[in-house]
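What follows is a set of notes on a single structure, which appears directly below.
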Amino acid sequence: MKKTLQELAEFVGGRVAGDPSVLIQGLDNIEGAGPRDLTFAVEPHIDEARSCKAAAVMLPEGTGDFPKPALYVEEPRAAFARLLELFTPKLDFSAGVSDKAHIGEDVTLGEGVVIMPFAVVDDHAVIGDRVTLYPHTYIGQYAEVGEDSVVYSGATVREHCHVGRRCVIHCSAVIGSDGFGFTTKDGVHTKVPQVGNVVLEDDVEIGAHDGIDRAAMGSTVIGHGTKIDNLVHIGHNCKIGPNCLIVAQTGISGSTIVGHNVTFGGQVGTVGHIHIGANSVYAARSGIIGNMPEGVFCAGFPVQPHTEWLRMQAAMKHLPELQKKLKQMEKRLARYEKESG
Amino acid sequence: MKKTLQELAEFVGGRVAGDPSVLIQGLDNIEGAGPRDLTFAVEPHIDEARSCKAAAVMLPEGTGDFPKPALYVEEPRAAFARLLELFTPKLDFSAGVSDKAHIGEDVTLGEGVVIMPFAVVDDHAVIGDRVTLYPHTYIGQYAEVGEDSVVYSGATVREHCHVGRRCVIHCSAVIGSDGFGFTTKDGVHTKVPQVGNVVLEDDVEIGAHDGIDRAAMGSTVIGHGTKIDNLVHIGHNCKIGPNCLIVAQTGISGSTIVGHNVTFGGQVGTVGHIHIGANSVYAARSGIIGNMPEGVFCAGFPVQPHTEWLRMQAAMKHLPELQKKLKQMEKRLARYEKESG
Amino acid sequence: MKKTLQELAEFVGGRVAGDPSVLIQGLDNIEGAGPRDLTFAVEPHIDEARSCKAAAVMLPEGTGDFPKPALYVEEPRAAFARLLELFTPKLDFSAGVSDKAHIGEDVTLGEGVVIMPFAVVDDHAVIGDRVTLYPHTYIGQYAEVGEDSVVYSGATVREHCHVGRRCVIHCSAVIGSDGFGFTTKDGVHTKVPQVGNVVLEDDVEIGAHDGIDRAAMGSTVIGHGTKIDNLVHIGHNCKIGPNCLIVAQTGISGSTIVGHNVTFGGQVGTVGHIHIGANSVYAARSGIIGNMPEGVFCAGFPVQPHTEWLRMQAAMKHLPELQKKLKQMEKRLARYEKESG
Numbered sequence: 073m074k075k076t077l078q079e080l081a082e083f084v085g086g087r088v089a090g091d092p093s094v095l096i097q098g099l100d101n102i103e104g105a106g107p108r109d110l111t112f113a114v115e116p117h118i119d120e121a122r123s124c125k126a127a128a129v130m131l132p133e134g135t136g137d138f139p140k141p142a143l144y145v146e147e148p149r150a151a152f153a154r155l156l157e158l159f160t161p162k163l164d165f166s167a168g169v170s171d172k173a174h175i176g177e178d179v180t181l182g183e184g185v186v187i188m189p190f191a192v193v194d195d196h197a198v199i200g201d202r203v204t205l206y207p208h209t210y211i212g213q214y215a216e217v218g219e220d221s222v223v224y225s226g227a228t229v230r231e232h233c234h235v236g237r238r239c240v241i242h243c244s245a246v247i248g249s250d251g252f253g254f255t256t257k258d259g260v261h262t263k264v265p266q267v268g269n270v271v272l273e274d275d276v277e278i279g280a281h282d283g284i285d286r287a288a289m290g291s292t293v294i295g296h297g298t299k300i301d302n303l304v305h306i307g308h309n310c311k312i313g314p315n316c317l318i319v320a321q322t323g324i325s326g327s328t329i330v331g332h333n334v335t336f337g338g339q340v341g342t343v344g345h346i347h348i349g350a351n352s353v354y355a356a357r358s359g360i361i362g363n364m365p366e367g368v369f370c371a372g373f374p375v376q377p378h379t380e381w382l383r384m385q386a387a388m389k390h391l392p393e394l395q396k397k398l399k400q401m402e403k404r405l406a407r408y409e410k411e412s413g
Numbered sequence: 073m074k075k076t077l078q079e080l081a082e083f084v085g086g087r088v089a090g091d092p093s094v095l096i097q098g099l100d101n102i103e104g105a106g107p108r109d110l111t112f113a114v115e116p117h118i119d120e121a122r123s124c125k126a127a128a129v130m131l132p133e134g135t136g137d138f139p140k141p142a143l144y145v146e147e148p149r150a151a152f153a154r155l156l157e158l159f160t161p162k163l164d165f166s167a168g169v170s171d172k173a174h175i176g177e178d179v180t181l182g183e184g185v186v187i188m189p190f191a192v193v194d195d196h197a198v199i200g201d202r203v204t205l206y207p208h209t210y211i212g213q214y215a216e217v218g219e220d221s222v223v224y225s226g227a228t229v230r231e232h233c234h235v236g237r238r239c240v241i242h243c244s245a246v247i248g249s250d251g252f253g254f255t256t257k258d259g260v261h262t263k264v265p266q267v268g269n270v271v272l273e274d275d276v277e278i279g280a281h282d283g284i285d286r287a288a289m290g291s292t293v294i295g296h297g298t299k300i301d302n303l304v305h306i307g308h309n310c311k312i313g314p315n316c317l318i319v320a321q322t323g324i325s326g327s328t329i330v331g332h333n334v335t336f337g338g339q340v341g342t343v344g345h346i347h348i349g350a351n352s353v354y355a356a357r358s359g360i361i362g363n364m365p366e367g368v369f370c371a372g373f374p375v376q377p378h379t380e381w382l383r384m385q386a387a388m389k390h391l392p393e394l395q396k397k398l399k400q401m402e403k404r405l406a407r408y409e410k411e412s413g
Numbered sequence: 073m074k075k076t077l078q079e080l081a082e083f084v085g086g087r088v089a090g091d092p093s094v095l096i097q098g099l100d101n102i103e104g105a106g107p108r109d110l111t112f113a114v115e116p117h118i119d120e121a122r123s124c125k126a127a128a129v130m131l132p133e134g135t136g137d138f139p140k141p142a143l144y145v146e147e148p149r150a151a152f153a154r155l156l157e158l159f160t161p162k163l164d165f166s167a168g169v170s171d172k173a174h175i176g177e178d179v180t181l182g183e184g185v186v187i188m189p190f191a192v193v194d195d196h197a198v199i200g201d202r203v204t205l206y207p208h209t210y211i212g213q214y215a216e217v218g219e220d221s222v223v224y225s226g227a228t229v230r231e232h233c234h235v236g237r238r239c240v241i242h243c244s245a246v247i248g249s250d251g252f253g254f255t256t257k258d259g260v261h262t263k264v265p266q267v268g269n270v271v272l273e274d275d276v277e278i279g280a281h282d283g284i285d286r287a288a289m290g291s292t293v294i295g296h297g298t299k300i301d302n303l304v305h306i307g308h309n310c311k312i313g314p315n316c317l318i319v320a321q322t323g324i325s326g327s328t329i330v331g332h333n334v335t336f337g338g339q340v341g342t343v344g345h346i347h348i349g350a351n352s353v354y355a356a357r358s359g360i361i362g363n364m365p366e367g368v369f370c371a372g373f374p375v376q377p378h379t380e381w382l383r384m385q386a387a388m389k390h391l392p393e394l395q396k397k398l399k400q401m402e403k404r405l406a407r408y409e410k411e412s413g
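Chains as they are written, first to last, in the numbering used here: chain W, 73 to 413; chain Y, 73 to 413; chain B, 73 to 413.
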């Protein structure tokens, strides 16, 4: 795709200042845009855009002098979004069930589903209206996928699990793998059957390679509107509240109960069987080892209030000199004790 | 599934105290059970069950007064397990090889195998009796899967790898990906061929998204009875002993040798080329940076005895005040030095 | 495979000292070799090989007395590599497109491609010459895979992403999953469309279960020659320089820019939107929380120069006794203050 700046201005209903014949071949943000790209800027980023590498910049109507070809519009964000659609060829999936998919017995298929080659919907599963199943997805026996949900390639929803409406399950995610439960006798580990399931409520997003383990009995639950990044582990019987954000590589151990609106930064870990209160933020790498109240901002391992963690980190850097100073003081003190002894 | 408490009592051969017409729609543990569920309790949890939310509680015959509808039986655990079977519809897989699977040339298939649609068994592979291969599994050339093992959807066993008997390989696990081996010259990394394999001994369980890398040469070995949780990385040429437990998101670097009966908590990491002695426990987040003896309980990074780690963590919390106190003492000491100088 | 030591000597053009009829059934390195294996040793490892468990050892011509059957050759490494080929049955994949693969519309297939059963190449994708696609790979619409690249089973390259030449993408890796981008209003998270892509330059290796997220707009880029181990997360809009090494379970947050020749040890984490200078090494578990210069060797969380981290770790171990000593000194000082008061 190649368009002149003038052509793009006409497409979005804006006006050009500077050379209208500049060729635009791509779109990117201020940092990433190169000499063949258009970017956009709104306050407070307009100054930063003056020295960027883009061929031209889309700006809000009314911005003053600008050192590059500019495309002025009323609403840069909205206009840029329209250009993104223009530059990104639309995907086109045929509605219906591919004759290369496998649909088991007693399966319920909603209207307007898209089921691609080599997807498997096993016996007794229920697929809601307008669900999209990419290639190599496996929906197990008696599992349900709610309407308008999308399951990307290689993802599995194991038997008896329920996926809500408008959920997105990214590539190779696993919903409903066995919880890690064993009894040990004489050093030999025997599997505890994991006969529960997983329930994803509505509007949940599950990242690539997430593993959400099925409950030993009952359900592991991910609350509505919760969004989970890549490579996250959720142990069996966890109940994660609504509207949480769980960043990549975090692990929540089994039977942990999390309130609503909790953010876990990347690589957080928790022990199991605890309650973590609502409306809280845990910084990246937090290690949570006990029950936590609502409304906190914490960091560290073991976790502590974020300001205390900062103070402790600062003090730790001075630890070697502190150790040295203590030794010197001890000598001085010993000398006085000797003198005055 | 909906049953009255009376119907369930008849099914398990127990007796009801309180309203026998209570409708039971699900089963769950004490914490998870809601007002339509039956739960069960044995000592020391019976008191906790008095105030739970369950509609009714299964209890050992002989338990005293109880404030909820109760179902008394001789063996609550065993009776509850029978109810779990009643409430969970059984999965039903046709024996045999799906005509939508792909079986390569010179493949050996045992008796009673279940090979589901879009599974691939590549040339010269050997599949033991009663093995189950879910959809989208790939068993590479010359690989072997021992009798009674189950390989869940999306998992791969790459060429020349051996899976023992009664193993469970969870969804999207990868057995035998290349080890991370490169030689670097002038800043350019050249791949060292990884021509070894992976051997899983009998009764091994491999979690969802685990990656067990094949040896550069020889074998990466997971000892019999070892159970591995989700998202674990085992580097090339590791030898993990029998009956270990490796919790989620742990990474064991290449060529590390681990004795029997070692437990690694979640998110543990180790350097490579070390020996880790048998019969030990490493707490979550341990970072193991050298050889370790047998029979230890350790924590921290770098790893240290667990009690020392606790002591160090406690001291660290007081570090900022310790720093302040040291400054004050220094002033006092300086004053005395001046006065007595 | 069973060969006598004499037969192997003839195969590689070497000479035997000691019993030439020793039966060799496998090959392994010094540590791993057992009593039926041949190993090899060059300086400085020849002494170590004297007491190994191997049945016989391949040595450089000119090595002195040796206590085991030995096979002398001019170039042990090269000769051993030839034996590895002899002992490892070659894989044999038919060239061409399996009639069980699915090729979409308007797809470009290069010469000499190997496309295995149940691989999916979606509409408008471009597959270069001699590319190998294993079973259950999914190449999305408008995606491109460069010549001589290999995509292992279960891996996905999502729509619009570009894979360079001679790349290796290991099992179940995901190239181009959505970046983790949401706007939050009144506690509800709304997805920001991720319309960019991923570009893997030439000679990149992507480990099993890696997730390389597509850019919100523009491209997430992995520079040429960069090698990534298993279970690594690369956030949206990252630009990773050429010839980096990223060890297992590391997570690089979104919009981070990394120079060339940077090594990240295992389980490293970074915040987003930072610049990490070239030619640096970050030890395992480093937590990088801000911009970093070129040419550093760092460790710890928050990251600091490696030598300082070592010093701090050493001091931390003495923290409890330091605390005790400070208390004693305080008492002594107080006594003197009292006495001289």
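Ideal Cβ positions, reconstructed from N, Cα and C, are used throughout, including at glycine.
Quick check on this structure: which residue in the options has the alpha carbon closest to the alpha carbon of residue i?
{"i": "Y:Y214", "options": "Y:I199, Y:D220, Y:S225, Y:A227", "result": "Y:I199"}
{"i": "B:A126", "options": "B:L143, B:P107, B:C316", "result": "B:P107"}
{"i": "W:V229", "options": "W:D195, W:G372, W:L143, W:Q78", "result": "W:D195"}
{"i": "Y:G307", "options": "Y:T292, Y:P314, Y:C316", "result": "Y:T292"}
{"i": "B:L95", "options": "B:K74, B:V334, B:G85", "result": "B:K74"}
{"i": "Y:D258", "options": "B:T111, B:N333, B:S358", "result": "B:N333"}
{"i": "B:D285", "options": "B:N269, B:G295, B:E277", "result": "B:N269"}
Is residue i close to chain Y, meaning its C-beta is less than 9 angstroms from at least one C-beta of that chain?
{"i": "B:S123", "result": "no"}
{"i": "B:P161", "result": "yes"}
{"i": "W:T255", "result": "no"}
{"i": "B:Q321", "result": "yes"}
{"i": "W:E380", "result": "yes"}
{"i": "B:Q266", "result": "no"}
Which residues in chain D have a C-beta closer than 7 angstroms to the C-beta of residue i? List them in chain order.
{"i": "Y:K172", "result": "Given the protein chain composition of this structure (W, Y and B), no chain D is represented."}
Does residue i have its Cβ less than 9 angstroms from a Cβ in chain W?
{"i": "Y:C233", "result": "no"}
{"i": "Y:E402", "result": "yes"}
{"i": "Y:D100", "result": "yes"}
Check the DSSP bridge columns for residue i and list the partner residues they point to.
{"i": "Y:E277", "result": "Y:V240, Y:K299"}
{"i": "B:E216", "result": "B:V198, B:H234"}
{"i": "W:K263", "result": "W:F254"}
{"i": "Y:Y408", "result": "According to DSSP, Y:Y408 bridges with nothing at all."}
{"i": "W:S291", "result": "W:N269"}
{"i": "B:G168", "result": "B:V186"}
Does the CB of residue i have a neighbour CB from chain B at under 9 angstroms?
{"i": "W:K299", "result": "yes"}
{"i": "W:Q97", "result": "no"}
{"i": "Y:L405", "result": "yes"}
- prompt: Which full runs of the beta strand (DSSP E) of 3+ residues lie inside the stretch 224-261 of chain B, going along the chain?
  reply: 246-249, 254-257
message: Contact between the stretch 219-235 of chain W and the stretch 231-239 of chain Y is defined here as three or more beta-carbon pairs at a separation below 8 angstroms; is this criterion met?
response: Here the stretch 219-235 of chain W does not lie against the stretch 231-239 of chain Y, with fewer than 3 beta-carbon pairs under 8 angstroms apart.
message: Using 8 angstroms as the cut-off, can you tell me whether the stretch 252-266 of chain W makes contact with the stretch 393-404 of chain W, which would need three or more C-beta pairs spanning the two stretches below that distance?
response: no
query: Can you give, in chain order, each stretch of the beta strand (DSSP E) that sits fully within the stretch 334-384 of chain W and has at least 3 residues?
result: Runs found: 369-371.
field: Cβ pair count under 8 angstroms reaching 3, the stretch 203-211 of chain W against the stretch 201-210 of chain Y
entry: Result yes; three or more Cβ-Cβ pairs closer than 8 angstroms.
- request: Return the chain-ordered ranges of every alpha helix (DSSP H) run that is complete within the stretch 79-133 of chain Y and spans a minimum of 4 residues.
  value: 118-122
- prompt: Are the stretch 84-94 of chain Y and the stretch 135-143 of chain Y touching, with three or more C-beta to C-beta distances below 8 angstroms?
  reply: yes
field: Contiguous beta strand (DSSP E) assignments of at least 3 residues, all confined to the stretch 301-335 of chain B
entry: none
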